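Structure first, then comments.
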Amino acid sequence: MNEPVQSVASDPLFNPLAPDFIRNPYPHYDRLRAIDPIHVTPFGQFVASRHAEVSLVMRDKRFGKDFVERTSRRYGPDIMKEPVFRSMAHWMLQADPPDHTRLRGLVVKAFTARRVEDMRPRIQEIVDQTIDTVIGRGQMDLIEDFAFRLPVTIICEMLGIPEDHREVFYKSSREGGRLLDPVPMTPEEIAKANAATTMAQMYFQQLFELRRKSPGDDLISQLVQAEEDGNKLTNEELTANIILLFGAGHETTVNLIGNGLLALHRNPDQLALLKARPDLMTGAIEEFLRYDSSVQMTGRVALEEIDDLGGKTIPKGETVLCLLGSANHDPAVYPDHPERLDIARPNVRPLSFGGGIHFCLGAQLARIEAEIAIATLLRRLPDLRIDDVENPEWRPTFVLRGLRRLPASW
Ligand code: HEM
Numbered sequence: 006m007n008e009p010v011q012s013v014a015s016d017p018l019f020n021p022l023a024p025d026f027i028r029n030p031y032p033h034y035d036r037l038r039a040i041d042p043i044h045v046t047p048f049g050q051f052v053a054s055r056h057a058e059v060s061l062v063m064r065d066k067r068f069g070k071d072f073v074e075r076t077s078r079r080y081g082p083d084i085m086k087e088p089v090f091r092s093m094a095h096w097m098l099q100a101d102p103p104d105h106t107r108l109r110g111l112v113v114k115a116f117t118a119r120r121v122e123d124m125r126p127r128i129q130e131i132v133d134q135t136i137d138t139v140i141g142r143g144q145m146d147l148i149e150d151f152a153f154r155l156p157v158t159i160i161c162e163m164l165g166i167p168e169d170h171r172e173v174f175y176k177s178s179r180e181g182g183r184l185l186d187p188v189p190m191t192p193e194e195i196a197k198a199n200a201a202t203t204m205a206q207m208y209f210q211q212l213f214e215l216r217r218k219s220p221g222d223d224l225i226s227q228l229v230q231a232e233e234d235g236n237k238l239t240n241e242e243l244t245a246n247i248i249l250l251f252g253a254g255h256e257t258t259v260n261l262i263g264n265g266l267l268a269l270h271r272n273p274d275q276l277a278l279l280k281a282r283p284d285l286m287t288g289a290i291e292e293f294l295r296y297d298s299s300v301q302m303t304g305r306v307a308l309e310e311i312d313d314l315g316g317k318t319i320p321k322g323e324t325v326l327c328l329l330g331s332a333n334h335d336p337a338v339y340p341d342h343p344e345r346l347d348i349a350r351p352n353v354r355p356l357s358f359g360g361g362i363h364f365c366l367g368a369q370l371a372r373i374e375a376e377i378a379i380a381t382l383l384r385r386l387p388d389l390r391i392d393d394v395e396n397p398e399w400r401p402t403f404v405l406r407g408l409r410r411l412p413a414s415w
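Note that this note's numbering has the sequence shown beginning at 6, numbered continuously upward.
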């Protein structure tokens with residue numbers, strides 16, 4: 006084990022699980038960029054907060070994931086015996102080439118811009134049904150009753166999870182986010198994550214069996230085929246990457262919709278503008294991604310010594326945390342009040358979907374889901390009000406930034 010969690014609390018510059026940081030990380034990022042743009046944490050990780058270095062580290066081949074090595078270094082050599090870490094070690098998100106290239110290549114076709122465009126009518130239908138269910142009530146939780154259902158339904162349909170199996174996924178606890186945070190998990194958290202992983206593995210093994218016997222027009226059927234073809238994919242890799250797709254495909258998008266709706270309602274002029282000019286929606290989604298990204302951080306390991314990253318030397322094997330949310334507010338790239346929501350801002354290219362070979366596979370899907378969800382809500386419930394825009398309840402995770410609930414009425 007590395008240093009205890011408490012030692013982070015004494016670090017004034019980067020303490021990402023502190024309630025104040027979770028509530029509003031942006032003033033903390035401003036300080037990091039200004040005072041110590043390549044900051045070293047008590048865990049010995051380097052924290053990059055400026056757009057230039059964040060962008061470089063994600064794209065530069067001298068950096069990689071090195072997951073097993075990095076995780077063993079942080080938790081000790083036995084950590085890879087834990088089911089949750091063994092599974093994560095097979096995620097394409099944590100893999101380096103050539104494994105990464107092979108794993109991503111097997112699923113990339115399902116996520117092309119064209120395939121995703123074809124899903125528009127179905128996405129619209131789900132959003133309309135969701136609103137039909139609540140419209141008579143006059144109130145709802147925008148997270149639970151609205152934002153959550155769409156991405157879960159879509160990823161279930163893409164994976165081919167039968168309708169009568171889905172209730173458990175709709176009810177699932179959304180607690181997996183701690184896996185990605187830069188503060189080590191406690192043994193209790195690891196035990197919980199192990200249990201969730203083992204349950205998911207058991208469920209998917211049964212579903213694979215079903216799809217081997219009766220294949221459908223879905224991703225799991227295709228991947229089961231690839232597994233049977235021999236060298237393309239092992240059973241462990243198959244299971245792990247289905248779990249990844251399921252997780253990556255919903256929490257993040259729920260939060261894009263939730264954070265975007267909160268941002269709009271905290272900025273009534275922007276809300277009014279978007280209602281009056283629905284043609285601004287595509288740009289507005291990019292601005293929501295920039296303004297309050299639902300993924301705040303990713304990381305890379307130096308595969309060789311890097312002699313100058315923002316003036317510091319990164320020894321081989323050390324981790325650089327990339328603060329996406331901070332890069333998105335860097336005045337060097339967004340000179341015109343980066344702290345303001347401006348849905349008509351020019352040249353918005355947020356780093357919220359990462360960069361380089363791990364660039365988010367679901368980026369276009371997430372954009373379209375959010376676009377249709379928010380546009381339809383503004384159109385069908387134009388007088389919707391969020392009950393308390395000043396004090397919303399944030400989930401306690403840092404990397405995945407989102408709201409626990411967002412009650413609204415109309
Ligand atoms: C607003 C929504 C989303 C955000 C902000 C987001 C963000 C990200 C980021 C930052 C990465 C790269 C991490 C890195 O470089 O280390 C990533 C990778 C990934 N995302 Fe997303 N994501 C979103 C939605 C989705 C959806 C809807 C799916 C799938 C249905 C998805 C699937 C993936 C996968 C599979 C990867 C790994 C790709 C690879 O390693 O090659 N994401 N995402």
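Ideal Cβ placement from N, Cα and C applies to all residues, glycine included. Everything numeric in this text was worked out from a predicted model, so none of it was measured.
Check: V300 C-beta below 6 Å from any heavy atom of the ligand HEM: Yes, since a heavy atom of the ligand HEM falls inside the 6 Å radius drawn around the Cβ of V300.
DSSP-derived helix/strand/coil call for Q211: Of the three classes helix, strand and coil, the one that applies to Q211 here is helix, per DSSP.
Environment of H342 [buried if 16+ CB atoms lie within 10 Å]: Exposed, since its Cβ has fewer than 16 Cβ neighbours within 10 Å.
Three-state secondary structure assigned by DSSP to F68: Here F68 carries a strand assignment [DSSP, helix/strand/coil].
Backbone CA spacing between G143 and D388 [nearest angstrom]: Going by the C-alpha atoms only, they are around 10 Å apart.
Closest residue to T76 among A57, A100 and R67 (Cα-Cα distance): When only C-alpha atoms are compared, the closest one is A100.
Rounded straight-line distance, which links the Cα of I128 to that of E8: Its pLDDT being 36, under 50, E8 is placed unreliably by the model, and nothing is read from it.
V229 vs F213 beta-carbon contact at 7 Å: In this structure, the beta-carbon distance from V229 to F213 falls below 7 Å.
Reduced DSSP secondary structure (H/G/I, E/B, other) of S414: Correct three-state label for S414: strand.
Rounded distance between the beta-carbons of D234 and A268, thought under 8 Å: Contact between A268 and D234 is ruled out by a C-beta separation of about 46 Å, above the 8 Å threshold.
Buried/exposed call for H95, threshold 16 Cβ in 10 Å: With a threshold of 16 other beta carbon atoms within 10 Å, H95 meets it and is buried.
Sub-7 Å separation of R183 and T46 beta-carbons: Going by C-beta atoms, R183 is not nearer than 7 Å to T46.
Beta-carbon contacts of M6 that lie in its chain and below 8 Å, excluding the five residues immediately before and after: Below a pLDDT of 50, predicted positions are generally treated as unreliable, and M6, at 33, falls in that range; the measurement from the model is reported next regardless. Take M6, set aside five residues on each side of it, and the residues of its chain with a beta-carbon closer than 8 Å to its own are Y80, G81 and P189, in chain order.
Simplified DSSP state of Q11, which is helix, strand or coil: Residue placement at Q11 is flagged as unreliable, the pLDDT there being 39, under the threshold of 50; the coordinate-derived value follows with that caveat. The answer is helix: DSSP assigns Q11 an H, G or I state.
CB of L314 within 7 Å of CB of I40, strictly: Taking the C-beta atoms as reference points, I40 is found no nearer than 7 Å to L314.
Nearest-angstrom Cα separation, counted from E374 out to E130: As the crow flies, the alpha-carbon of E130 is around 11 Å from that of E374.
Neighbourhood of D312 by C-beta, 7 Å cutoff - its chain only, sequence neighbours within 5 removed: Cβ within range, chain order: T318.
Start-to-end residues for the beta strand (DSSP E) that takes in V325: Residue range T324 to L328 is occupied by the beta strand (DSSP E) that includes V325.
Contiguous alpha helix (DSSP H) assignments of at least 4 residues, all confined to the region 231-271: Whole alpha helix (DSSP H) segments, 4+ residues: 240-253 and 256-271.
Beta-carbon spacing of R390, S414 below 7 Å: Against a cut-off of 7 Å, the Cβ pair of S414 and R390 comes out as a contact.
CB-CB length for V300 against L329, believed under 8 Å: Between V300 and L329 the beta-carbon gap is near 6 Å, inside 8 Å, which marks them as a contact.
Heavy atom of the ligand HEM within 6 Å of R109 beta-carbon: R109: yes, Cβ under 6 Å from the ligand HEM.
Every unbroken alpha helix (DSSP H) within the region 50-128, with a cutoff of 4 residues, ordered by chain: With a minimum length of 4 residues, the continuous alpha helix (DSSP H) runs that stay inside the region 50-128 are 56-64, 72-80, 88-93, 104-112 and 118-122.
With 16 other Cβ atoms within 10 Å as the buried cut-off, status of R305: Answer is buried; the Cβ neighbour count reaches 16.
Whole-angstrom C-beta distance between D335 and R55, which should lie under 8 Å: Rounded, the Cβ-Cβ distance is 6 Å, consistent with contact.
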